[in-house]
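Counting in the UniProt record's numbering, the sequence shown runs from 1 upward without gaps. Below is one structure; the comments refer to it alone.
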Amino acid sequence: MSDPRRVMWNGTVRSLSLADQLLAAQTAGCEALAITPSDYNRWLGTGISTREMRGMAADAGVGLTHLDPLVRWVDAWEPHLPGGEEFPVETVAFDEDDFFRMAAALGVESFTAWAGFPPGRYSREQLVDAFGGLCRRAAMEGLRCDLEFIPVFGIPDLRSAWDVVRSADAANSGIVFDLWHYMRGGRDDALLATIPGERITGVQLCDADAEVPEGMSLAYDGLNNRKAPGEGDFPVSEIVDVLRAIGGLNSVGLEVFSPAFDAMSAEEVGVRTRAALDAVLAT
1 MSDPRRVMWN GTVRSLSLAD QLLAAQTAGC EALAITPSDY NRWLGTGIST REMRGMAADA
61 GVGLTHLDPL VRWVDAWEPH LPGGEEFPVE TVAFDEDDFF RMAAALGVES FTAWAGFPPG
121 RYSREQLVDA FGGLCRRAAM EGLRCDLEFI PVFGIPDLRS AWDVVRSADA ANSGIVFDLW
181 HYMRGGRDDA LLATIPGERI TGVQLCDADA EVPEGMSLAY DGLNNRKAPG EGDFPVSEIV
241 DVLRAIGGLN SVGLEVFSPA FDAMSAEEVG VRTRAALDAV LAT
């Protein structure tokens, strides 16, 4: 199997400017950088035009290939965290029209959709219908639509995400496989082994404690307590082996939400990311 495309996911570089995100990606040997709509708008607000963003990426040899995330593909889109924790809604409050305009301006290939609503808010049939409609709109724009499961929200695990993607049956759809989400949402290697590898369109690697630390919420753990692969208790190599066996290592990067990474320079993030990816993908 050919080497996977290496992607710099936003969580790993969330504290950096666009120039430094590109430098980190370049240093890490990543071909692509995934960006968020909120970062894009923030960069526009600093006086960097879309044309200049694309030029900066081209100069760095890094593609702006993926926009992440779109949340407003259902009516009840606002994220609600368990226990009444606040979610920064302003980071995802972009409707479909705004989101697709950003995607077209940036020239991305794909985007992530995830569910902010609580479990049970929508029936399976409603989710399949809504996701299928989103994929049809994406197809008209030449985009791939990747569904991401997140344990604290309405599509919480691999099983539910795969059910929606398989049932919607859109050729331009896939699943973003975040390893933290997979472990915290309920690891199921037997199920993973049955999914066609080409439907795993993005893999986000990280590590973490075996259990959420006492006194820490699940959401806080996911957004602030991740570690680089090999620095925690997750069976990263075992899961990567399953992904490799099904042909699911197509697009791979780190998604490490961590104050430690937030404090690093672009070069440090790049070096750490390259070393982690080299180690994981060599096993």
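Cβ atoms here follow ideal geometry from the backbone N, Cα and C, with glycine treated the same way.
Tell me the DSSP secondary structure of residue i in three-state form.
i: F234; result: coil
i: V264; result: Just to set this straight, residue 264 is Met in the shown sequence, not Val. In the structure shown, M264 sits in coil (DSSP, three-state: anything other than H, G, I, E or B).
i: P88; result: coil
i: P213; result: coil
i: D59; result: helix
i: D207; result: strand
i: G186; result: helix
i: S251; result: strand
i: L256; result: What sits at residue 256 in the sequence shown is Val, not Leu. Residue state, collapsed to three classes: coil.
Tell me the residue span of the beta strand (DSSP E) that contains residue i.
i: D98; result: Careful: D98 lies outside any beta strand (DSSP E), inside the alpha helix (DSSP H) at 96–106.
i: P196; result: Segment: none, P196 is in no beta strand (DSSP E) and carries neither H nor E.
i: T65; result: 63–70
i: A32; result: 32–35
Taking 8 Å as the threshold (beta carbon to beta carbon), is residue i in contact with chain D?
i: S49; result: Of the chains in the structure shown, none is chain D; there is only one protein chain.
Name the DSSP bridge partner or partners of residue i?
i: G202; result: V176
i: E148; result: W114, V176
i: V7; result: A32
What are the boundary residues of the alpha helix (DSSP H) that residue i is part of?
i: E78; result: Segment: none, E78 is in no alpha helix (DSSP H) and carries neither H nor E.
i: T12; result: Neither: T12 is in no alpha helix (DSSP H) and is coded neither H nor E.
i: A168; result: 158–168
i: T283; result: That residue, T283, is in no alpha helix (DSSP H); it is neither H nor E in DSSP.
i: A224; result: Just to set this straight, residue 224 is Asn in the shown sequence, not Ala. Looking at the DSSP string, the run of the alpha helix (DSSP H) that includes N224 is 218–224.
i: L127; result: 124–140
Taking 8 Å as the cut-off, decide whether the C-beta atoms of residue i and residue j are in contact.
i: A193; j: V242; result: yes
i: G11; j: F257; result: yes
i: G185; j: D207; result: no
i: V13; j: C30; result: no
i: G197; j: G247; result: yes
i: I175; j: D146; result: yes
i: G116; j: H66; result: no
i: A279; j: T27; result: no
i: E85; j: A219; result: yes
i: A57; j: L33; result: yes
i: P69; j: V152; result: no
Problem - Validate contact between the region 101–118 and the region 136–154 using beta carbons, cut 8 Å, 3 pairs - result: yes
Problem - Three-pair Cβ contact test at 8 Å for the region 63–75 versus the region 123–135 - result: yes
Exercise for the section: Spell out a yes or no on whether the region 246–258 and the region 198–206 are touching, meaning 3 or more CB-CB pairs, one atom from each, closer than 8 Å. Expected result: yes
Problem - Segment contact flag, the region 170–190 with the region 94–108, C-beta cutoff 8 Å, min 3 pairs - result: no
Exercise for the section: Count the CB pairs spanning the region 34–53 and the region 158–165 that are closer than 8 Å, and state whether there are at least three. Expected result: no
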